[in-house]
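These notes are about the structure you will find just below.
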Amino acid sequence: MPADHYKEFALRTLRLAACALMFAGGQSAWAEGQPASDPGLAPTVAADLALEADVMELSHKLRCLVCQNQSIAESNAPLAVDLRDQVREQLAAGNSKQDVIDYVVARYGDFVLYQPPFRASTAVLWVGPALLLFGGAGWLAWRLRRRQEEVAADHGLSAAERERARVLLAGADEAAPKSESPESRS
């Protein structure tokens, strides 16, 4: 009954894909319903273009805590605007870029950095994806190997069945009409 195995596998795969689509669609709908920006909020720009370039450079390195998939440079969420203003104020006060990053990290944690440093507290962020990838590949290989063994066990012929098949095939070869070979035609 290998058809039942494949049908069951196909149904499971379809259910999983449907669940994933519903989850992704729900996340998209939720994100669209969230107020991402205040249209009345105009971006603040420093009078000094070099200062503004530094602000934008740092802003691209810092994650928006509201949006989480945008930097504070890309986000118009009120918190992102406030963080950009804080970065601008600190740079204008003469603090170095590293001082500003340290200030934001001290206030909001390593999560605010797009590239957090490798520490015990952030090890999962760095090692987790590789563990998931290799774990998933190992699980998939194990399942495929197990399925091959099940299919082979279901379709294995006994010695008597193999002998009967050999006899039937040998009889079919003798009963089949012989076709002319190219040498006999000439």
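Residue 1308 is where the sequence shown starts when you use the working numbering, and the numbers rise one by one after that. Don't be surprised by glycine CBs; every beta carbon is placed ideally from N, CA and C.
Given a threshold of 16 other Cβ atoms within 10 Å of its Cβ, counted over all protein chains shown, does residue i qualify as buried or as exposed?
| i | result |
| --- | --- |
| residue 1411 | buried |
| residue 1457 | exposed |
| residue 1326 | exposed |
| residue 1428 | exposed |
| residue 1380 | buried |
| residue 1376 | exposed |
| residue 1342 | Only weak support is given to the placement of residue 1342: the predicted model assigns it a pLDDT of 48, under 50, and the value that follows is read from those uncertain coordinates. Result: exposed. |
| residue 1318 | exposed |
| residue 1384 | buried |
| residue 1369 | buried |
| residue 1311 | exposed |
| residue 1339 | Residue placement at residue 1339 is flagged as unreliable, the pLDDT there being 49, under the threshold of 50; the coordinate-derived value follows with that caveat. Per the 10 Å Cβ criterion, exposed. |
DSSP has residue i in a bridge; who is on the other side?
| i | result |
| --- | --- |
| residue 1369 | 1420 |
| residue 1378 | 1370 |
Since residue i contacts residue j with CB under 8 Å, what's their CB separation in whole angstroms?
| i | j | result |
| --- | --- | --- |
| residue 1365 | residue 1394 | 5 Å |
| residue 1367 | residue 1382 | Actually they are not in contact, since the Cβ atoms of residue 1367 and residue 1382 sit about 11 Å apart, beyond 8 Å. |
| residue 1433 | residue 1425 | 5 Å |
| residue 1477 | residue 1464 | That belief does not hold up - the Cβ atoms of residue 1477 and residue 1464 are roughly 16 Å apart, past 8 Å. |
Between the options, which has its C-alpha nearest residue i's C-alpha?
| i | options | result |
| --- | --- | --- |
| residue 1391 | 1371, 1445, 1314, 1417 | 1371 |
| residue 1398 | 1417, 1420, 1363 | 1363 |
| residue 1316 | 1451, 1414, 1384 | 1451 |
| residue 1361 | 1319, 1408, 1323, 1438 | 1408 |
| residue 1357 | 1471, 1404, 1314, 1313 | 1404 |
| residue 1415 | 1446, 1373, 1460, 1402 | 1373 |
| residue 1313 | 1465, 1469, 1455 | 1455 |
Using 7 Å as the cut-off, classify the Cβ of residue i as near or not near the heavy atoms of the ligand ZN, replying yes or no.
| i | result |
| --- | --- |
| residue 1413 | As for the ligand ZN, it is missing from this structure, which has no ligand bound. |
**OP:** Could you pull out every unbroken beta strand (DSSP E) segment of at least 3 residues lying fully inside the segment 1421-1457, listed in chain order?
**Re:** none
**OP:** Mind listing, in chain order, the continuous alpha helix (DSSP H) runs of no fewer than 4 residues lying wholly within the segment 1379-1403?
**Re:** 1385-1399
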